[in-house]
Each structure stands twice: as C-alpha cells, then as structure tokens.
Amino acid sequence: MNGVGLPTIDIAPLLSSDATPASRSRIAQQIDEACRSNGFFSIIGHGLDPQLQKRLESTAQTFFDLPDQEKSEIAMSKAGSAWRGWFPVGGELTSGTPDQKEGIYFGLEHPVGHPRVVTGTALHGPNQFPAEPSPLRDDVLEWLATMRPIADAVMSAIALGLGIPADWFARNLTGDPTVLFRIFHYPAQPTSTPENVWGVGEHTDYGLLTLLMQDHHGGLQVKRLDGSWIDVAPTPGVIICNLGDMLERLTGGQYRSTPHRVRNTSGESRLSFPYFFDPSWTATVPTLPQRDAAGSQPDERWDGEDVHAWDGVYGDYLTAKVAKVFPQLFTTVSAPDTAE
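According to the working numbering, the sequence shown is numbered sequentially starting from 12.
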C-alpha cells in the first residue's frame with residue numbers, strides 16, 4: 012500500500028510489446044478493483060525518468076521563488092481565452108474560497124493557426140513560458156510527451172476492466188484528447204493556520220484520468236466512502252492516479268470520481284504536478300450500455316451537482332468548471348462555441 016489505503020500497481024507490462032494477454036488482464040483487474048472502491052491508486056513501472064522529475068522540480072521552484080512582478084510576465088490574463096500561464100496565491104477558487112497556492116497552467120501546444128485558436132476557443136492556444144528559468148519550457152514539454160503513453164496505457168487497462176476493447180477510449184474519446192498540465196506551488200503555512208484554510212479545498216477532477224506526481228512533502232488527502240479522510244504519503248517514483256467526473260458518468264457510477272483536497276502542513280513549500288487526460292473537446296460522454304447511474308447523488312457530492320444528469324460536449328463542461336475557479340478572468344475573455 013502507498014501511504015494509507017492506496018493500492019500500488021506495476022503497469023510495466025502495459026507499456027511492453029512483449030506483455031502477455033494474461034499479464035495485461037491481471038493489471039486490468041487490479042485497476043478495476045481500485046476504480047470501483049476508492050477511485051485512487053498508485054502506479055510504478057511507468058518508465059518516467061526520475062531525472063526529468065528532478066529537473067522539473069528544480070526549474071519550477073526557481074520560477075516560484077521569483078518576485079510576483081516577474082512571474083506576472085506570464086500571467087494568465089495575458090493569454091486571453093487560452094487560460095494559460097501563472098496565477099498568484101489565492102487567484103484560484105474552490106467552491107468560492109481562495110486556494111492557498113499559486114501555479115502555472117499548461118496544455119498541449121496549439122499553433123496560432125489551429126482552428127480552435129483562430130476561433131478563440133477557451134483553453135486553446137500556445138503555452139506561456141517564462142524567460143527565466145529558460146529550461147522550464149523544455150522540461151514541461153518533455154513531461155507532456157512522457158505522460159501521454161502512460162495515460163493511454165492506463166486507459167487501455169481501464170477499458171479491459173470494463174469489459175470493452177482495450178482501444179475503446181482511443182477510438183471514441185481520447186484520439187484527440189484534451190490535455191491539461193498544472194504545476195502548483197503551496198507556500199509553507201504557519202502552524203496557526205485556521206482549520207478551514209486549504210491549499211486546495213475539497214473537489215473532484217473533471218475529466219477521465221489524472222496522473223499526479225508530488226514532491227516529498229505530501230499534503231494530499233483522499234475522502235473514503237465512509238466520509239473519513241486519509242493522508243496519501245508521497246513515495247519516490249510513484250505516480251498517483253485518480254478518476255474524473257467523466258469516467259464516473261461513463262460507468263454509471265460504478266467507478267468513482269473521488270473528492271480530495273490538499274493542506275500543506277510540512278512547514279516547507281510543496282510542489283505538485285497534476286496531468287489531466289480528458290475526452291476530446293467535442294466529445295459527448297454517454298453512459299456505457301447496461302450501466303445504471305448509481306453513483307453519488309447531488310446532495311452527496313461536494314458541489315451538489317449531478318454528473319449523470321449533465322448533457323453536452325466535454326468542452327462545454329470543462330469551460331464552465333474552469334470559469335468557476337477563475338471567475339474574474341472569465342469575465343475578461345469570451346467563451347466561444349465549442350464547434351470546430
């Protein structure tokens with residue numbers, strides 16, 4: 012177990028061309044069990060270069076150590092509807108409450124001639140990178156490239172666990188995925204910090220799958236089915252996986268989009284690196300056949316919303332969610348139609 016209560020699964024066979032069907036089936040069963048219980052699990056055998064993580068942590072910390080005036084050179088407001096770049100501590104909201112973190116929003120690199128960039132579609136556009144530290148650009152782009160095959164591999168195992176073909180997600184939802192990457196910095200908090208002040212408050216993720224790497228300080232807490240919370244201790248080389256709202260919707264609630272939160276009690280600054288692997292922008296996410304909507308009811312969810320009742324394309328869902336965490340930014344940019 013990793014930390015308290017999270018299973019650790021070796022996914023190396025999923026990334027190997029020599030893996031047997033039996034080994035893939037075994038991993039799929041392990042992931043399926045985790046998805047049906049708590050919606051969180053840890054993976055090893057993913058092939059992520061630890062030196063890449065070390066470089067990214069170093070360049071990210073160098074950036075966050077800069078004065079706010081210098082960091083604001085890549086402020087999110089300068090990216091317009093692309094919603095990419097830096098935001099200060101308290102600049103992102105969870106349930107209307109400012110989070111005690113700062114961060115940088117990244118995504119897939121979209122050239123200026125991309126159709127959705129031309130039409131001003133939200134969350135599409137070129138990334139903003141700081142002049143210093145200049146290596147951050149290469150580190151981020153390498154991280155994005157490295158995470159994609161890991162995400163594809165995990166999704167193939169999830170498909171097998173659901174009894175559908177391994178390539179179902181690639182063919183139906185993630186052939187042209189919405190990929191978002193964040194680097195979050197949680198400043199050290201004084202011991203006198205009130206109990207209701209969080210690095211990020213209780214929430215669920217929006218899409219299909221999140222791959223999280225965190226530094227050695229920890230702070231992540233996951234909500235159990237019984238309503239209690241567990242601390243997820245960081246372990247070197249381990250990627251934490253959790254499911255998003257769209258996977259809970261797709262499975263009729265058989266898989267869980269589990270609430271989680273962060274409080275930095277380490278006495279030092281904390282870094283985390285969540286990579287969000289989501290459906291394509293124009294995808295609709297139906298409930299799979301023979302699966303009733305038996306998940307969390309609206310009055311049970313942290314936000315009081317019913318993900319099973321929602322209808323539309325994923326781009327609309329994501330835009331509405333991001334607009335709630337950056338309401339001031341949303342009022343300054345348009346939210347264009349999601350059509351191609």
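Just so it is clear, CB atoms sit at the ideal spot from N, CA and C, and this is done for glycine as well.
Note that the structure is predicted; figures quoted are calculated from it, not measured.
Comparing alpha-carbon positions, the option among SER277, ASP178, VAL243 lying closest to LEU17 turns out to be VAL243. According to the DSSP assignment, THR330 belongs to the alpha helix (DSSP H) that extends over 325–336.
Only residues of its own chain outside the window of five on either side were considered, and among them PHE195, GLN225 have a CB closer than 6 Å to the CB of SER283, listed in chain order. Between ALA177 and ALA170, the C-beta gap is smaller than 7 Å, which places the two residues in contact.
Rounded to the nearest angstrom, the Cβ distance from GLY255 to ASP216 is 4 Å, consistent with a contact under 8 Å. The three-state reading of DSSP puts ILE22 in coil, since its state is none of H, G, I, E or B.
Between the alpha carbons of THR262 and ILE55 lies a distance of about 25 Å. Here ALA86 is not near TRP94, since their CB atoms are 7 Å or more apart. Bridge pairing for LYS234: TRP240 [DSSP]. Taking 3 residues as the minimum length, the beta strand (DSSP E) runs contained wholly in the region 89–129 are 96–98, 113–118, in order along the chain. For the alpha helix (DSSP H) assignment, the uninterrupted runs of no fewer than 4 residues enclosed by the region 254–285 are, from N- to C-terminal side, 256–261. If you draw a straight line from the Cα of PHE75 to the Cα of ARG47, it comes to about 37 Å. Ranked by Cα distance from SER92, the first of GLU68, ASN138, ALA33, ASP60 is ASN138.
Using a Cβ distance threshold of 7 Å, HIS319 and ARG235 do not count as a contacting pair. Shown here, GLN200 sits in coil according to DSSP, grouped into three states, outside any helix or strand.
For SER48, the uninterrupted alpha helix (DSSP H) segment begins and ends at 32–48. Boundaries of the alpha helix (DSSP H) harbouring GLU68: 61–75, taken from the DSSP string. With a 10 Å radius around the Cβ and a threshold of 16 neighbouring Cβ atoms, ASN207 comes out exposed. Across the structure, GLY278 and GLN72 are spaced so that their CA atoms are roughly 16 Å apart. As far as DSSP is concerned, VAL151 takes part in no beta bridge.
Linking ALA90 to ASP79 through their CA atoms gives a straight-line distance of about 17 Å. The alpha-carbon separation between LYS112 and GLY218 amounts to approximately 22 Å. Beyond the five residues adjoining it in sequence on each side, PRO290 comes within less than 8 Å, by CB distance, of LEU184, THR185, PRO188, THR189, GLY218, LEU219, MET257, VAL296, TYR325 in the same chain, given in chain order. For GLY114, the closest C-alpha among the options VAL100, GLY107, HIS125, PRO126 is that of VAL100.
In its chain, beyond the 5 residues on either side, ASP150, GLU153, TRP154, THR157 have a beta carbon closer than 8 Å to the beta carbon of LEU63. Excluding its 5 nearest sequence neighbours in each direction, VAL128 has C-beta neighbours in its own chain below 6 Å: HIS121, HIS135, GLY136, listed in chain order. Put simply, the backbone Cα of GLY102 is about 47 Å away from that of ASP29.
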